Every structure is written in structure tokens, then in C-alpha cells.
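Visitor: Sharing a structure, written as C-alpha cells. Questions coming.
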Amino acid sequence: MTTALAEFFTGRPTAQIAQDLLGHELIYQTSAGTMSGWIVEAEAYLGEQDTAAHAFNGRYTAANAALYDAPGTIYIYILRGYYMLDVATQAAGTPQGILIRGIEPHQGLDLMQQHRAKPVPDITNGPGKLTAALGLQSKDLNRTMLGANNLTITEQVTRQPQEIAATSRVGVSAGSWQERPLRYIVAGNPFVSGSRKRDWDREHHGWRE
DNA sequence: TAGACGATTGTCT
DNA sequence: GACAATCGTCTAC
29 MTTALAEFFT GRPTAQIAQD LLGHELIYQT SAGTMSGWIV EAEAYLGEQD
79 TAAHAFNGRY TAANAALYDA PGTIYIYILR GYYMLDVATQ AAGTPQGILI
129 RGIEPHQGLD LMQQHRAKPV PDITNGPGKL TAALGLQSKD LNRTMLGANN
179 LTITEQVTRQ PQEIAATSRV GVSAGSWQER PLRYIVAGNP FVSGSRKRDW
229 DREHHGWRE
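At position 169 of the first sequence the residue is numbered 197 (the working numbering), and the sequence of numbers has no breaks.
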């Protein structure tokens, strides 16, 4: 991983990093070809103090250890049989992270549809869906760095969101942190999980120009 | 089109 | 043995 990419995932609040991540491109290279997509939805989880976070109250297990690693470390975990893709933020020992919940396919859509035979946009509009589409069905990359192997994220935005909206996080049960607006989306993009057709920007998908 | 609910599986207590 | 940062299907409008 480059220094610039490491710096992107630290040095400011995780909520800000999650917001900044929208419009960056997630790139996964396999022997079958390259798949990539623009990040359109991300959620921030703020470590020990966040009742919804896996590391709440300093919880440390084999499964969530990646959260405690260096900024830019990939954290892959399984929920109800589905693989989820996260990136650890902040210095090692500070267990904060960002869950990537939706991407708009750019390269290799045909490959994604081989992995997950669903019509667009159902192919990548959810955290478990996008990992299935990419063929990320193992924890091999858990605790490895972005860019160290075949999975990375661009240092710069490659598309500029027209408007970023903040909402409460999905699937977070009751608690004082339930309502916190830590989920960030590209407004109007069809690949945002749970988005409604009537809210879609059919012309630009919520991107500038 | 939108809301409700049951299936399902690795992980922790 | 219970639970979870979900998904897909079914039903009602």
C-alpha cells in the first residue's frame, strides 16, 4: 500500500473518512480479469465507545482482530453466511473501521454476473451482495493491507458525488448510537442498498456531470 | 412498489 | 444455545 493511501485512512475522524470514500474506486484483480466499482455507500463504526461496533467496549476476538491493525487493513467478516468487506481506520490499537455497503460496477460487470446472477442493480447494492459479485468468498485477505495483494482502493475520487446524504446505520439495533448519522450515500444512486426506484437519478446516478 | 418475515451459518458465551 | 453491521421471497396495495 502506498503512503498516500495509508494516510487517507487516518488523521481525521472516521466519519469524515467514510464520507470522503464515496466516489473512490474499489479494484479487485483476479486471474479471470479485473473487476471494479465506485463506492456509493459506506458506514463508520467508531470503536470501543460505539455500542454498534464489533470492538465495542474493547472487545477483541480472532474474528475482529483486523480492526485493531494499521489503517488501510482489510477486515472481512461473516454475517449469517455472507462475507462483509471493511477497512480499518486510525492507528493500530484504535479499532475503528468503515463498512463498504454498495458499489456501482465499472469494469468487469460480466464477471460479476457470473458470480452472482442477478439483474443490475441488485448485483452490488448491499454488503453481502457486492462481495458475492466480486467472488470474495473467503477470509484470505482478512488482516492484509489494501494494495498488498489484488484488492485495493484508489487514492483519489474517480467520480465526484453531486450530493452526499447521511442517514442512520442499517441493521443496528436499539441503543444510544442507533440514530447516529454514520451511514453515507451518494444521493440518487441506484446501487445504494434499500434505495427506492422513485428516488433514483436515472440520468447521472447522483454523480456530478 | 414497499413493507414484513423467515431462512440461515459462523462465532461467541 | 443464542445472536448478528443480511438476503430473498411473499403479500398487500
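Built from N, CA and C at the ideal position, the CB exists for glycine as well.
None of these values were measured; they are calculated from a predicted model.
Suppose the cutoff is 6 Å on Cβ atoms and the five residues either side in sequence are ignored; what does the same chain contact list for residue 112 look like?
Guide: Indexing the first sequence from 1 puts residue 112 at position 84. Cβ within range, chain order: 105 and 155.
Visitor: Does residue 177 pass the burial test, meaning 16 or more other C-beta atoms within 10 Å, or should it be called exposed?
Guide: To locate residue 177, count along the first sequence from 1; it is residue 149. Burial call: exposed.
Visitor: With H, G and I counted as helix, E and B as strand and the rest as coil, what does DSSP make of residue 232?
Guide: The count along the first sequence starts at 1 and reaches residue 232 at position 204. Of the three classes helix, strand and coil, the one that applies to residue 232 here is coil, per DSSP.
Visitor: Kindly list the residues whose CB is nearer than 6 Å to the CB of residue 123, restricted to its own chain and excluding five residues on each side of it in sequence; keep chain order.
Guide: For the purposes of this step, residue 123 is taken as residue 95 along the first sequence, with counting starting at 1. 75, 83, 95 and 96, listed in sequence order.
Visitor: Spatial neighbours of residue 50 within its chain, please: C-beta separation below 7 Å, excluding the five flanking residues on both sides.
Guide: Sequence index remark: in the first sequence, residue 50 carries index 22 (1-based). Closer than 7 Å at Cβ, skipping near neighbours: 67, 68, 70, 189, 192, 212 and 214.
Visitor: Thinking C-alpha only, which one of 174, 48, 53 and 180 is nearest residue 210?
Guide: Working through the first sequence from its first residue, we reach residue 210 at position 182. Measuring from the Cα of residue 210, the nearest candidate turns out to be 48.
Visitor: Who are the near neighbours of residue 141 in its chain, counting only those whose CB is closer than 7 Å to its CB and skipping five residues on each side?
Guide: To locate residue 141, count along the first sequence from 1; it is residue 113. Counting only Cβ-Cβ distances below 7 Å, and skipping sequence neighbours, we find 151.
Visitor: By how many angstroms is the C-alpha of residue 185 removed from the C-alpha of residue 170?
Guide: Residue mapping note: residue 170 aligns to position 142 of the first sequence, counting from 1. Residue mapping note: residue 185 aligns to position 157 of the first sequence, counting from 1. Rounded to whole angstroms, residue 170 to residue 185 spans 24 Å at the Cα level.
Visitor: With respect to the beta strand (DSSP E) encompassing residue 62, which residues constitute its N-terminal and C-terminal limits?
Guide: Stepping through the first sequence from its first residue, residue 62 is reached at position 34. Element bounds for residue 62: 61-73.
Visitor: Between residue 129 and residue 121, what straight-line distance do the alpha-carbon atoms span, to the nearest angstrom?
Guide: As a working note, residue 129 is residue 101 in the first sequence. As a working note, residue 121 is residue 93 in the first sequence. Going by the C-alpha atoms only, they are around 24 Å apart.
Visitor: Label residue 46 either buried or exposed according to how many other C-beta atoms from any shown protein chain fall within 10 Å of its C-beta, with 16 as the threshold for buried.
Guide: For this step, residue 46 is matched to residue 18 along the first sequence. With 16 or more other Cβ atoms within 10 Å, it is buried.
Visitor: Given a cut-off of 7 Å, decide if residue 235 and residue 197 are closer than it, judged by their beta-carbon atoms.
Guide: Start at 1 with the first residue of the first sequence, and residue 197 comes out as number 169. Start at 1 with the first residue of the first sequence, and residue 235 comes out as number 207. For residue 197 and residue 235, no; Cβs fall outside 7 Å.
Visitor: In chain order, what residues of the same chain have a beta carbon less than 6 Å from the beta carbon of residue 73, not counting five sequence neighbours either side?
Guide: Taking the first sequence and counting its residues from 1, the one referred to as residue 73 is at position 45. Counting only Cβ-Cβ distances below 6 Å, and skipping sequence neighbours, we find 81 and 125.
Visitor: Between residue 34 and residue 100, which are expected to be in contact by the criterion C-beta below 8 Å, what is the C-beta distance as a whole number of angstroms?
Guide: As a working note, residue 34 is residue 6 in the first sequence. As a working note, residue 100 is residue 72 in the first sequence. Right, the Cβ-Cβ distance comes to about 5 Å (below 8 Å), so this counts as a contact.
Visitor: Kindly indicate which residue of 159, 167 and 138 has the alpha-carbon position closest to the one of residue 90.
Guide: By 1-based counting over the first sequence, the position of residue 90 is 62. Comparing Cα-Cα distances from residue 90 to each of 159, 167 and 138, the minimum goes to 167.
Visitor: Check each candidate in 194, 159, 39 and 78 and name the one with the smallest Cα separation from residue 131.
Guide: The residue you call residue 131 lines up with position 103 of the first sequence. The option with the nearest alpha carbon to residue 131 is 159.
Visitor: According to DSSP, is residue 130 helix, strand or coil?
Guide: In the first sequence, counting from the first residue as 1, residue 130 sits at position 102. In this structure, residue 130 counts as strand in the three-state DSSP scheme.
Visitor: Tell me whether residue 60 is buried or exposed, calling it buried when 16 or more other Cβ atoms sit within 10 Å of its Cβ.
Guide: Working through the first sequence from its first residue, we reach residue 60 at position 32. With fewer than 16 Cβ atoms within 10 Å of its Cβ, residue 60 is classed as exposed.
Visitor: Tell me the residue span of the alpha helix (DSSP H) that contains residue 35.
Guide: To locate residue 35, count along the first sequence from 1; it is residue 7. Residue 35 -> alpha helix (DSSP H) spans 31-36.
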